[in-house]
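Student: Read left to right, the sequence shown gives residues 867 to 964 (the numbering used here). For each residue, glycine too, the CB sits at the ideal point set by N, CA and C.
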Amino acid sequence: MCEPRNPANLGIQFTAFNISNLQRSYAEGTNLGLTGWVQNTKSGTVQGQLQGPSMKVKQMQEWLKTTGSPKSQITKAEFKNERKIDTLEHTNFKIVRT
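#1: Relative to the C-alpha of serine 909, which residue among Ala882, Val962, Asp952, Thr932 is closest?
#2: Of the choices Thr911, Leu888, Gly877, whose alpha-carbon is the least far from that of lysine 942?
#3: Where do the ends of the alpha helix (DSSP H) carrying valine 923 lie?
#4: In the DSSP assignment, what residue or residues form a beta bridge with alanine 943?
#5: For threonine 964, which option in Gln905, Ile940, Pro919 has the closest C-alpha, if you only look at C-alpha atoms?
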(Lines of atoms letter the chains of each structure in order from A and count residues from 1; the text may use other names and numbers.)
(Lines give C-alpha, C1' and ligand atoms only; values in the text may rest on other atoms or scores of the structure.)
Protein backbone atom coordinates (compact mmCIF):
# COMPACT_ATOMS: atom_id res chain seq x y z
CA MET A 1 0.00 0.00 0.00
CA CYS A 2 1.26 3.48 -0.86
CA GLU A 3 1.97 6.07 1.81
CA PRO A 4 -0.91 8.49 2.44
CA ARG A 5 -0.87 12.13 1.36
CA ASN A 6 2.18 13.99 2.52
CA PRO A 7 3.09 17.21 0.71
CA ALA A 8 6.59 16.99 2.17
CA ASN A 9 7.33 14.00 -0.09
CA LEU A 10 9.55 14.53 -3.10
CA GLY A 11 10.05 12.46 -6.24
CA ILE A 12 13.03 12.69 -8.60
CA GLN A 13 14.72 10.72 -11.39
CA PHE A 14 18.50 10.45 -11.55
CA THR A 15 21.51 9.19 -13.49
CA ALA A 16 24.89 8.89 -11.74
CA PHE A 17 28.04 8.39 -13.80
CA ASN A 18 30.91 6.13 -12.68
CA ILE A 19 29.26 5.31 -9.37
CA SER A 20 30.49 1.72 -9.81
CA ASN A 21 28.29 -0.31 -7.47
CA LEU A 22 24.55 -0.74 -7.77
CA GLN A 23 24.31 -2.62 -4.46
CA ARG A 24 25.73 0.36 -2.52
CA SER A 25 23.20 2.70 -4.17
CA TYR A 26 20.43 0.28 -3.21
CA ALA A 27 21.71 -0.01 0.37
CA GLU A 28 21.94 3.78 0.78
CA GLY A 29 18.40 4.31 -0.51
CA THR A 30 17.08 1.56 1.74
CA ASN A 31 18.93 2.95 4.78
CA LEU A 32 17.36 6.35 4.16
CA GLY A 33 13.89 4.78 3.97
CA LEU A 34 13.28 5.84 0.37
CA THR A 35 11.04 4.15 -2.15
CA GLY A 36 11.70 3.76 -5.87
CA TRP A 37 14.30 1.84 -7.81
CA VAL A 38 17.90 1.71 -9.05
CA GLN A 39 19.30 0.06 -12.17
CA ASN A 40 22.63 -0.36 -13.93
CA THR A 41 22.72 0.77 -17.55
CA LYS A 42 24.73 -0.69 -20.42
CA SER A 43 26.80 2.51 -20.48
CA GLY A 44 28.05 1.97 -16.91
CA THR A 45 25.82 4.42 -15.09
CA VAL A 46 23.30 3.89 -12.32
CA GLN A 47 19.87 5.35 -12.89
CA GLY A 48 16.68 5.33 -10.94
CA GLN A 49 13.83 7.05 -9.25
CA LEU A 50 13.76 8.25 -5.64
CA GLN A 51 10.70 9.05 -3.56
CA GLY A 52 10.30 9.90 0.09
CA PRO A 53 10.60 12.73 2.58
CA SER A 54 12.28 15.75 0.96
CA MET A 55 15.17 15.79 3.41
CA LYS A 56 15.95 12.08 2.78
CA VAL A 57 15.77 12.50 -1.01
CA LYS A 58 18.17 15.45 -0.77
CA GLN A 59 20.55 13.32 1.35
CA MET A 60 20.51 10.61 -1.33
CA GLN A 61 21.13 13.20 -4.06
CA GLU A 62 24.18 14.44 -2.18
CA TRP A 63 25.44 10.86 -1.71
CA LEU A 64 25.02 10.17 -5.44
CA LYS A 65 26.89 13.38 -6.33
CA THR A 66 29.76 13.15 -3.89
CA THR A 67 30.21 9.74 -2.26
CA GLY A 68 28.92 6.64 -4.03
CA SER A 69 30.57 3.31 -3.38
CA PRO A 70 34.20 3.13 -2.18
CA LYS A 71 35.55 2.47 -5.71
CA SER A 72 33.45 5.17 -7.36
CA GLN A 73 35.00 7.97 -9.32
CA ILE A 74 31.83 9.95 -9.81
CA THR A 75 32.09 12.33 -12.74
CA LYS A 76 28.57 13.76 -12.47
CA ALA A 77 25.04 13.09 -11.32
CA GLU A 78 22.01 14.39 -13.17
CA PHE A 79 18.60 14.88 -11.61
CA LYS A 80 15.37 15.65 -13.42
CA ASN A 81 11.62 15.73 -12.97
CA GLU A 82 11.83 16.80 -9.34
CA ARG A 83 8.34 17.27 -7.97
CA LYS A 84 6.39 17.36 -4.74
CA ILE A 85 4.15 14.30 -4.48
CA ASP A 86 1.13 13.63 -2.31
CA THR A 87 1.31 9.83 -2.50
CA LEU A 88 4.37 7.64 -2.97
CA GLU A 89 4.12 5.64 -6.20
CA HIS A 90 6.36 2.82 -4.92
CA THR A 91 5.99 0.69 -1.81
CA ASN A 92 9.69 -0.14 -1.37
CA PHE A 93 13.16 0.52 -2.77
CA LYS A 94 14.37 -2.13 -5.20
CA ILE A 95 16.93 -3.08 -7.82
CA VAL A 96 15.56 -3.36 -11.35
CA ARG A 97 17.53 -5.82 -13.49
CA THR A 98 18.18 -5.04 -17.15
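Tutor: Answer, in terms of the structure:
#1: Ala882
#2: Thr911
#3: 920–932
#4: Ala882
#5: It is Gln905.
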